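Beneath this line is the structure, given in structure tokens, with notes to follow.
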Amino acid sequence: MTRSSRGEGLSLAYRFGYRLRLAALTLLGPAELEEHNDPKARLRRERERKVAAAAARRDARA
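Have a look at this one:
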């Protein structure tokens with residue numbers, strides 16, 4: 001497994017922080033909300049954007 005596929009191009013600090021925030025929202029966050037105002041869904045969308053940006057940077061270098 002390559003580094004980029006394992007971490008999806010994101011730093012170890014970001015991945016750790018993401019998991020920590022996701023766990024905190026799961027345990028301490030609000031009950032189920034609709035998709036547009038759910039903090040966990042917002043966090044996932046943010047991560048998807050960062051992964052896509054990292055993939056674009058990786059492809060631009062290749």
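For the sequence shown, position 57 (counting from the first letter as 1) is numbered 57 according to full-length UniProt numbering, and the numbering increases by one without interruption.
In this text, a Cβ means the ideal position worked out from N, Cα and C, and glycines have one as well.
Owing to the predicted nature of the structure, the values given are computational and were not obtained by experimental measurement.
- Under the 8 Å Cβ criterion, the stretch 15-33 does not count as touching the stretch 51-58, having fewer than three qualifying pairs.
- The straight-line gap separating the alpha-carbon atoms of L28 and D59 is approximately 38 Å.
- In the structure shown, E34 adopts coil according to DSSP, grouped into three states.
- Secondary structure of E48 (DSSP, three-state): helix.
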